[in-house]
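When you line the sequence shown up against the numbering used here, it's residues 75 to 335, in that order.
See below for the structure under consideration.
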Amino acid sequence: MKIDSSIAAVVTGAASGLGAATAQALADKGAKVAIFDLNADAGEALAARIGGIFCAVDVTNEESVVAGFARAREVHGQERVLVNCAGIAPAAKTVGRNRDSGETRAHDMALFEKAIAINLVGTFRCISKSAAGMAALDPLDAAGARGAIVNTASVAAQDGQIGQAAYAASKGGVLAMTLPVARDLMGEGIRVNTILPGIFETPMIAGMPQQVQDSLSAMVPFPKRLGKPEEYAKLALFMLEHDYLNGESVRLDGAIRMGPR
75 MKIDSSIAAV VTGAASGLGA ATAQALADKG AKVAIFDLNA DAGEALAARI GGIFCAVDVT
135 NEESVVAGFA RAREVHGQER VLVNCAGIAP AAKTVGRNRD SGETRAHDMA LFEKAIAINL
195 VGTFRCISKS AAGMAALDPL DAAGARGAIV NTASVAAQDG QIGQAAYAAS KGGVLAMTLP
255 VARDLMGEGI RVNTILPGIF ETPMIAGMPQ QVQDSLSAMV PFPKRLGKPE EYAKLALFML
315 EHDYLNGESV RLDGAIRMGP R
């Protein structure tokens, strides 16, 4: 698929971080980009900067997602590109212990369920809604290509650390569904791939003390630094444009393999 002014795209979680970089990269290629996010201030500002539109969307809410796609299609037409970046990264051990009293406590199930609802169910909800629209489009080529989807998992899907049970489970689900969803959509001419980012310079990381950021950078074999959102975006565009890449999950992590902590 050639990304140009004829292509409409939707990027979830696009108001900041990996999603914002991807929205910018798509717009730089001429695509008409719809930004799905809950951060209206940042989302509107980015939309104005790239010539796209902002849609206030909660990926855990069916009506919100349906309305977001309806709004995006009203302005830009049916999207042929979906990039799922919406997500959270909670941290809590399966069993916690109060350091002072020694009292144990079970993992907060509401937190676990929230991670699954946003990272996994939200991703699938957007895939299903977007693919249903793509499937109704005329093919772009003789092979029958109609669209492409890129999802965001995490290296935690394979190297989950202490305190990442909820996060790893949610991202592991995104990883696991990549191939079956690609197979589900093969007859519709829609490709599906997934990126597993390592430690990236996102707003969450940028808010940490410099000492912590330096420590995280030192964990990466090479290049010994944090990933840049633009590097994620570059891989996402490669996956979208490479017509033979389908059902694949790629780590983007500088060869890092996360230890227990």
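We treat Cβ as the ideally placed atom computed from N, Cα and C, and that holds for glycine.
Around the C-beta of residue 80, fewer than 16 other C-beta atoms lie within 10 Å, and the residue is accordingly described as exposed. If you keep only unbroken alpha helix (DSSP H) runs of at least 4 residues inside the segment 133 to 215, you get 136 to 150, 183 to 189 and 196 to 208.
According to DSSP, residue 264 shares a beta bridge with 221.
In this structure, the beta-carbon distance from residue 167 to residue 236 falls below 8 Å. Rounded to whole angstroms, the separation of the alpha carbons of residue 261 and residue 85 is 24 Å. For the pair residue 229 and residue 162, the CB atoms are not nearer than the 8 Å cut-off. Assignment of residue 256 by DSSP, reduced to helix, strand and coil, places it in the helix class.
By the CB criterion at 8 Å, residue 117 and residue 95 fall outside the cutoff. Non-local C-beta neighbours of residue 125 in its own chain, meaning closer than 7 Å and more than five positions away in sequence, comprise 101, ordered along the chain.
Between residue 209 and residue 75, the C-beta gap is not smaller than 8 Å, which leaves the two residues out of contact. Scanning its chain for C-beta atoms nearer than 8 Å, with the 5 sequence neighbours on each side dropped, one finds around residue 147 the residues 82, 153 and 207, in chain order. Just measuring C-alpha positions, the residue of 172, 204 and 245 sitting nearest residue 139 is 204. Residue pairing of residue 111 in beta bridges, as defined by DSSP: 130. Beta-bridge pairing by DSSP links residue 271 to 326. Out of 277, 287, 274 and 131, the CA that lies nearest to the CA of residue 197 is found in 131. Between residue 227 and residue 268 a beta carbon distance of about 5 Å is seen, short of the 8 Å cut, so the two are scored as contacting. Taking 8 Å as the cut-off, the beta carbon of residue 128 is found closer than this to the beta carbon of residue 121. By the neighbour-count criterion, in which 16 or more other beta carbons inside 10 Å mark a residue as buried, residue 327 falls on the buried side.
Residues of the same chain with a CB within less than 8 Å of the CB of residue 113, apart from the 5 flanking positions on each side, are 89 and 90 in chain order. One Cα belongs to residue 257, the other to residue 320, and the distance between them is close to 9 Å.
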